[in-house]
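Residue numbers (the numbering used here), protein chains in the order written: chain A, 828 to 1481; chain B, 828 to 1481; chain C, 828 to 1481. Glycine included, every Cβ here is placed at the ideal spot set by N, Cα and C. Given the structure is predicted, the values throughout are model-derived calculations rather than measurements. Note sheet for the following structure.
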């Protein structure tokens, strides 16, 4: 990104409108401070109306019109949704559900990630696009595909099964090694050859856990491979091309740690529900995730709604000011661009009730007035471009753990992302910046490393977490951490990486039994830190750790709930054997921050208020419908409902 | 109908019983005042035990036996459910679900509406039936099919897909016109030819809205076409044959405005749930609908239960007297006949626990005693035959709007029929008679026209509604009216038919934004008419209208909730941007009636009590379990629990 | 069983562990008092890694190792789950769901009960097993298959359809007789030949009730036929072989009255949910059922968990002592052996979080310490081996009634097993021993026969129940009894077996109408015995009986709810037309016991405490988390939370 203006704009789909509207669009964009339009995301059927017959003239004109108007173009490869003719000629390209239902044409994304017909036709189109537009002066970034896997994260068709077998053979080498990893000695599942292995479609009962996670891994890889193939086609035409694809926040079906390595710019789509008073937590966390995926580099908000979306059962509009709040939150947490889906609200199609920058009511409307005001405001924030967001607290985030804890036949149904948000919230309420890290990552820059539900840890990751303490920093591990290795085999001898592991030593405990709590049941914690737990209990055996809180009744009565160990090496190891309620979590965060010597921006928890520092300027945002006065790092700040501002080093300047 | 006795009786299935029971049946029918028996609805397998082999002897005897006993026969074409041999020989005739599951033999109605094998075999049987019985003296009416679409309103099989393509080509002419109407520029859905178009079976996500509504329309038409084909066969044998098929109240899957044009007598099946204290509202509304479908002509209640049904999870019996109440309600609202399913309760089969006129316990039973008493009572109501039910209030009812508001990817999940019942209830509680009208219908006979959820309005319908006001009458439009045109394209520039439409002018408002409410949330209304709203809010911009009520908090605070405009032409236009709660709705109805100069039978709302005038006699019914004393049009009336009576012009006579 | 020690141990799956662990296993087993290991349940894939290629060497070594260690072996036939190669070569062997989905390899039990390929390969393996191991000195019992039907109780594939037709032709002889029994005159379902008949897969609406129950009966028979075929192969090798298969308590899909005739030892798997404070009722009832299935012979607990299972959404561990309590409950109710799934907790596979006798934490753990203590304690209970459990109260239990009342299109959704548990609980709370009997069984040894929901009664069973009263004993019939015959045809003329039946005469009532209650609604009972009813009401017409309680309001107001008749013959007949609440049921049980002259161990209801006498020793168990002091048959007993003890004739001895 060479501009010193924060990118501003959205998806632009002029093929839905008569030609005369295009000129009005450019005029309105200019007035609204729009810098950027994403073009072509769903244009395949118009660009290639029948196989091998191309119509680029209209797109030439769109790009020229935008360029003349001073609007840069993010050009999509247009492969997000194939035209109906593809399925008509290649019905085997359609995805198949776990129940064997072949999905139909009529919405979007109707292709199996492993379809050779889809891949062949998509890459042919991408080559045409790259040859024609790679050097168009309007085009600054390639948008490959779109929201990979959002509707079809996996497919159970024959081509997928064949590709899965190839993937497995590459991973395991021999069928014996697969049998070992999958534990097929259980339930008579031993495979005689890779030919016998299938995808985990509907079964009589809960299936093999390792087969299931391998199919999750394969499916993420299959989508990523599609992205990579398109990118390579573009690079073969223009080696300097810059490419991205839009992530979807904390998305279950794509391991973004792997994906992040393949994109030149991290970009994200996010649609927090305005009806959910807690959605700002999800929003803040995913903004921090995008920054973390890029190793701290600026990222791009590729899509958000100006107001309501269309795909929830009840689609509530954003409050006045709330889209500004969401946008500034992105900038404060590392974004260098704010784009929307979409510029002009459609009159037809599935998303005609999705809000846009120009609504059905036209430019003379609340929504468009806010769009213009935001465009003007972003112009003044150019000094933040490229600036980092410093953090000394890290939360371990891991797709394998996500996949594992949400499998059936585990001790209790758990929701990984909601647990991550809950633990993140403790820091958000104190105004403490957080990065996310992969479990095997180097965490030496952090003073506090928090590992909630770090269920799957390979040997290296177990050691890495142990090192946090031995090097003198603070480690917090949550219940169910280190229970499984990368094959989802149980770690024997007290979990937490297994008997005598670096993690057990760092924490000074081992775990003998699990005692999940029924829904809605709480457990009282007593001791130095009293409180309430939910969801989970364990029988924890201290081996060096002090008991901070103990369970007070039921099966676990008298056993530790929270422990703390002053470890050799000067570090501190905490273990938390339950899901603390909000107040208890606040008290724990306070203790952890103290141990780590980290100062919080808020003296105590401030629900609904956030703050973060970027480029020396402090952002403060109010996600509540009330006027609020808060003290942030010593400064008193007044905020309107859904209000937000940036403070300079000296105080409030906006 | 030539008889001057109200028809009374029910479905008669003697093939389930030994021959000796038939004579007892006729004797019992005579004692019970039964005039009419519907015969042959599910007799195909007995009439044609194998393809082309017919056995009519038993049916000859049934018709002769009934005729000799003085019982007229409504003769079914027997095509409601094909015999097992059809699917055995033509498995492609079986219907297919949205998930591709081909349904099996073993219940009923197991045919695709577009199956050529079903159609061919059904029409062959109908020809035989017509040739044999069209001039039988017992037969007074043909009952074609049965409850078309009740279990299989649509099918996703190959023949349906082919028929859908034919239907689309007829509707749109060219694929370009289909692409325009369906908005296929969105999401890369452009079709190259009709061959590429399919039925909307399971898709990756919400599909094309216009494809979906077209498949709804096609499916209703496909069933209607089956009805028409059978009727034409009968008419080719007997040009004077009178034909009906039984409707099912306010039924989602068949557009009865179109169907009503094809039947000689409107007939209806209705089964209000005795466990639901509000089911009398549904009952009254659908009785009024049947009258309205026939343009005011008398109609026939083809089926009801004497007590419990079998197909709910919990099947509660009717209270003592409640079947009489339901029956008299029908007569009062325009029926000239009261029939039941069925005469004698089956010992086997799916509906053996469905109540009947002769229950399992035999004739010496509460149910049969009530059957006899009702038969005697109906004999005295012959003066009402053919009499009209006058109404000056009309509610707009529209299948396209129903289909549209219940689609996914709309601002909020809505339930069209429940909304219609709610708005209807306001008039029922005041004893005001209501007709239903199609959106494009001539309403010049009505002083008040009410349009709740009139979501889809074509240009003509927009104009029609505007005319209500310009001609000096009162129009009430509810939220979400006029949002879409017939292609489900959004109307730009303030909805309500679009910028500057006759509807916007009539109401003096335009609508800028939607703000649906979460389930269970209410919104306080303030102003001249205070109250509570639910479900929906909008940002309404007055352009001439006065604000009657305003929203008091949240996103819409201060914006109009209810507006009223004294329009040029002398009429009045009301707009209601929320779903009023019961009390608020009562207050609104009061205001609308005043504006329209309509006097109500009840001075204020009477929950659970209904009244209506037919042929100069006023009916009053009590749908509650309490004794009630009410003042109806100035007369004090006492009613037993579930009691009912007819008042003469001078007062109570029954 | 020749041992005079109660069998103790569990499933042993050494193929999941390295060879060196096997020796540690035997040592740990010896220390824990383990006598018995079940081997080979899921070993097919290891024993026959490819079709016709066998590897028995490892199993030879396992059996020898156990035998040397003094551990007897229950040898499984290893056919519970076929290897992946079977489905790879015979995809038609996979089961098919009601929706036509063919289930995949990857969990277990993936075979259609009617698959010829499965049957052929399974029997070939069993022959090899029998030839090799029938005379191995370690093997004392054959464990055929495993939990037949637990995941796949039925299949809708082509082979099942063909086998169903054969089964129907055997049952009905002619298609006319099938048409009569199925009542195909209803809904045009008449079949022309058996070829036209199919399995009841997904249909347009509720299907034929008799087809449905016949498919239930066929499916139970198809599984039983698999068991019988394996047993015959073993007997052809060793005529003295002793065989069992593990039942699953009160299991909907297998008619264990028929199965029990085919097993030499009744064995059972039971997993009461520790999170359910009422699960001890289910546990006690199924223990009594196992004893009853064997006609009073001792039975074997084949599987239980030492603590948590893995297959519930939330898997709570057993409390300290609770596994001992469950085990002693079995012994007290007739078991001569206590086995577990499984010996050593797996590290991989679907059930790795299922507790075991050696948990993940290793032998130094709460669970294993309890395992050892229980082994020691069971050694002292050898005097109970072979001893009977006397009972003079019988509850009628019937799979056809279960199947019938849970069908759709019945008056109300009912849950058969929960109703049985509720009626059983009344006796459990008073410490009265209960046997279960089939509806047509000889009950002459019982003083009180209780028939809840005895919905389906053939003529013989109707007479049998009538005889209870005529011979001078007490009969209690619950609502919905005797409504249907074995073809599910309604009994005409007042239900309870039909007009003038022995059952109507015994009770002195007939039933005219049903009036099911909505969920959560209660009905007040007045009269001699006041109380509350739920779920159900009826219109009961007394014909000789006295009214004990009457319904007090609503549709049934004034009609009898509970009746009692002093019948000719000296017996007493009770009829209960509602589901009594707990207190009302306690009062009724008191009256019934008085009428029958049966003395209860507890003077009044003792919730959560149970007692039963076996071999002259009285067992008392406390299923609550509180200390309890109770008086049992005149003796005061003190019990810890989840505590249990055996009293000698003189008093407490343990």
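> Near residue 1478 (chain B), which residues of its chain fall below 7 Å by C-beta distance, leaving aside the five closest residues on each side in sequence?
Replying inline: The residue labelled residue 1478 (chain B) in the question sits at position 651 within the second chain. In this predicted model, residue 1478 (chain B) has a pLDDT of only 45, less than 50, meaning its place in the structure is not dependable; the value taken from the coordinates is given anyway. Apart from the 5 residues on each side of it in sequence, residue 1478 (chain B) sits with its Cβ closer than 7 Å to the Cβ of 1462 in its chain, given in chain order.
> Which residues of chain A have a Cβ atom closer than 9 Å to the Cβ of residue 1167 (chain C), listed in chain order?
Replying inline: For the purposes of this step, residue 1167 (chain C) is identified with residue 340 of the third chain, where counting begins at 1. Taking a Cβ-Cβ threshold of 9 Å, none of the residues of chain A is close to residue 1167 (chain C); the smallest such distance is about 16 Å.
> residue 1049 (chain A): buried (16+ other C-beta within 10 angstroms of its C-beta) or exposed?
Replying inline: Position 222 of the first chain holds residue 1049 (chain A). With 16 or more other Cβ atoms within 10 Å, it is buried.
> For residue 1316 (chain A), which residues in chain C fall below 7 Å Cβ to Cβ?
Replying inline: Position 489 of the first chain, counted from the first residue, corresponds to residue 1316 (chain A). From the beta-carbon of residue 1316 (chain A), the residues of chain C found nearer than 7 Å are 1174 and 1175.
> Considering only the beta carbon of each residue, do residue 1183 (chain A) and residue 1196 (chain A) sit closer than 7 Å?
Replying inline: Numbered from 1 along the first chain, position 356 holds the residue referred to as residue 1183 (chain A). Numbered from 1 along the first chain, position 369 holds the residue referred to as residue 1196 (chain A). When the beta-carbon positions are compared, residue 1183 (chain A) and residue 1196 (chain A) stay at least 7 Å from each other.
> Given that residue 1180 (chain B) touches chain C, what residues does it touch there, using C-beta distances under 7 Å?
Replying inline: If you number the second chain from 1, residue 1180 (chain B) lands on position 353. Identification of chain C residues near residue 1180 (chain B) by a Cβ-Cβ cut-off of 7 Å yields 1236, 1237 and 1238, ordered along the chain.
>> I'd like to confirm the pairing. Which residues does DSSP put opposite residue 1353 (chain A) in its beta bridges?
In response: Indexing the first chain from 1 puts residue 1353 (chain A) at position 526. Beta-bridge pairing links residue 1353 (chain A) to A:1377.
>> Run through chain C and tell me which residues come within less than 7 Å of residue 1285 (chain A), C-beta to C-beta.
In response: The residue given as residue 1285 (chain A) occupies position 458 in the first chain. The premise fails here: residue 1285 (chain A) is roughly 15 Å from chain C at the closest Cβ pair, so nothing lies under 7 Å.
>> Does residue 1465 (chain A) come out as helix, strand or coil in the three-state DSSP assignment?
In response: The sequence position of residue 1465 (chain A) within the first chain is 638, counting from 1. Strand.
>> Using the Cβ count rule (16 or more neighbours within 10 Å means buried), how would you classify residue 1037 (chain C)?
In response: Against the third chain, residue 1037 (chain C) aligns to sequence position 210. By the neighbour-count rule (16 or more Cβ atoms within 10 Å), residue 1037 (chain C) is buried.
> Short check: CB of residue 875 (chain B) to CB of residue 950 (chain B), under 7 Å?
Replying inline: Walking along the second chain from the start, residue 875 (chain B) turns up at place 48. Walking along the second chain from the start, residue 950 (chain B) turns up at place 123. Not closer than 7 Å, so no.
> My guess is that residue 1353 (chain A) and residue 1377 (chain A) are in contact by the Cβ rule of under 8 Å, so how many angstroms apart are they, rounded?
Replying inline: In the first chain, the residue the question calls residue 1353 (chain A) occupies position 526. In the first chain, the residue the question calls residue 1377 (chain A) occupies position 550. The beta carbons of residue 1353 (chain A) and residue 1377 (chain A) sit about 6 Å from each other, so the pair counts as a contact at 8 Å.
>> With H, G and I counted as helix, E and B as strand and the rest as coil, what does DSSP make of residue 1366 (chain C)?
In response: One-based indexing of the third chain puts residue 1366 (chain C) at position 539. Here residue 1366 (chain C) sits in strand by DSSP.
> Quick one, are the C-beta atoms of residue 979 (chain C) and residue 926 (chain A) less than 7 Å apart?
Replying inline: Translated into the one-based positions of the third chain, residue 979 (chain C) becomes position 152. Translated into the one-based positions of the first chain, residue 926 (chain A) becomes position 99. Taking the C-beta atoms as reference points, residue 926 (chain A) is found no nearer than 7 Å to residue 979 (chain C).
> Can you give the Cα-Cα distance for residue 1481 (chain B) and residue 1209 (chain B), rounded to whole angstroms?
Replying inline: Indexing the second chain from 1 puts residue 1481 (chain B) at position 654. Indexing the second chain from 1 puts residue 1209 (chain B) at position 382. Confidence at residue 1481 (chain B) is low in this model, with a pLDDT of 42, below 50, so its placement is unreliable and the value that follows should be read with caution. Cα-Cα distance, rounded: 14 Å.
> How is the alpha helix (DSSP H) around residue 890 (chain B) delimited, first residue to last?
Replying inline: Your numbering for residue 890 (chain B) matches position 63 in the second chain. According to the DSSP assignment, residue 890 (chain B) belongs to the alpha helix (DSSP H) that extends over 884–895.
> Any C-beta of chain A sitting closer than 7 Å to the C-beta of residue 1027 (chain B)?
Replying inline: Within the second chain, numbered from 1, the residue matching residue 1027 (chain B) stands at position 200. It does: the Cβ of residue 1027 (chain B) has a partner Cβ on chain A nearer than 7 Å.
>> Mapping the DSSP letters down to three states, classify residue 1222 (chain C) as helix, strand or coil.
In response: By one-based count along the third chain, residue 1222 (chain C) stands at place 395. Three-state result, residue 1222 (chain C): strand.
> DSSP state of residue 1480 (chain A), grouped into three classes?
Replying inline: For the purposes of this step, residue 1480 (chain A) is identified with residue 653 of the first chain, where counting begins at 1. At residue 1480 (chain A), the pLDDT of 44 sits below 50, so the modelled position is not reliable; the number obtained from the coordinates is stated separately. Note: residue 1480 (chain A) maps to coil in three-state DSSP.
> Which residues in the same chain have their Cβ closer than 8 Å to the Cβ of residue 864 (chain B), if we skip the five residues on either side of it in sequence?
Replying inline: As a position in the second chain, residue 864 (chain B) is number 37, starting the count at 1. Excluding residues within five positions, the ones whose Cβ falls inside 8 Å are 836, 837, 838, 839, 856, 893, 898, 899, 900, 901 and 1170.
> residue 1456 (chain C) and residue 1465 (chain C): beta carbons closer than 7 Å?
Replying inline: Counted from its first residue, the third chain places residue 1456 (chain C) at position 629. Counted from its first residue, the third chain places residue 1465 (chain C) at position 638. In this structure, residue 1465 (chain C) lies closer than 7 Å to residue 1456 (chain C) by Cβ.
> Quick one: what does DSSP say residue 1163 (chain C) is sitting in, helix, strand or coil?
Replying inline: What you label residue 1163 (chain C) is simply residue 336 of the third chain in a count that begins at 1. Three-state result, residue 1163 (chain C): strand.
>> Spatial neighbours of residue 883 (chain B) within its chain, please: C-beta separation below 8 Å, excluding the five flanking residues on both sides.
In response: Against the second chain, residue 883 (chain B) aligns to sequence position 56. Excluding positions up to five away in sequence, the list reads 874, 955 and 959.
> Shortest alpha-carbon distance to residue 1484 (chain A) belongs to which of A:942, A:967 and A:1010?
Replying inline: Since the first and last residues shown for chain A are 828 and 1481, residue 1484 (chain A) lies out of range.
>> Starting from residue 1392 (chain B), trace the beta strand (DSSP E) in both directions and tell me its first and last residue.
In response: If you number the second chain from 1, residue 1392 (chain B) lands on position 565. Residues 1387–1393.
> Looking only at its own chain, which residues have a Cβ that is under 8 Å from the Cβ of residue 1356 (chain B), when we skip the five neighbours before and after it?
Replying inline: Here residue 1356 (chain B) refers to the residue found at position 529 when the second chain is read from its first residue. The residues 1375, 1376, 1389, 1411, 1414, 1415 and 1418, in chain order, have a CB closer than 8 Å to that of residue 1356 (chain B) in the same chain once the five nearest residues on each side in sequence are set aside.
>> For a contact defined as C-beta to C-beta under 8 Å, what are the partners of residue 842 (chain A) on chain B?
In response: Taking the first chain and counting its residues from 1, the one referred to as residue 842 (chain A) is at position 15. Neighbours of residue 842 (chain A) on chain B, chain order: 1012.
> When the distance is taken between beta carbons, is residue 1308 (chain B) closer than 7 Å to residue 1278 (chain B)?
Replying inline: Position 451 of the second chain, counted from the start, is the residue given in the question as residue 1278 (chain B). Position 481 of the second chain, counted from the start, is the residue given in the question as residue 1308 (chain B). Yes, they are a contact pair.
>> Restricting to runs no shorter than 4 residues, where is the alpha helix (DSSP H) found entirely within the region 1391–1458 of chain B?
In response: For the region 1391–1458 of chain B, whole alpha helix (DSSP H) runs of length 4 or above, ordered along the chain, are 1409–1423.
>> Check whether the region 1185–1192 of chain B and the region 1143–1152 of chain B are in contact - that is, three or more C-beta pairs closer than 8 Å.
In response: Contact fails: fewer than three Cβ-Cβ distances are below 8 Å.
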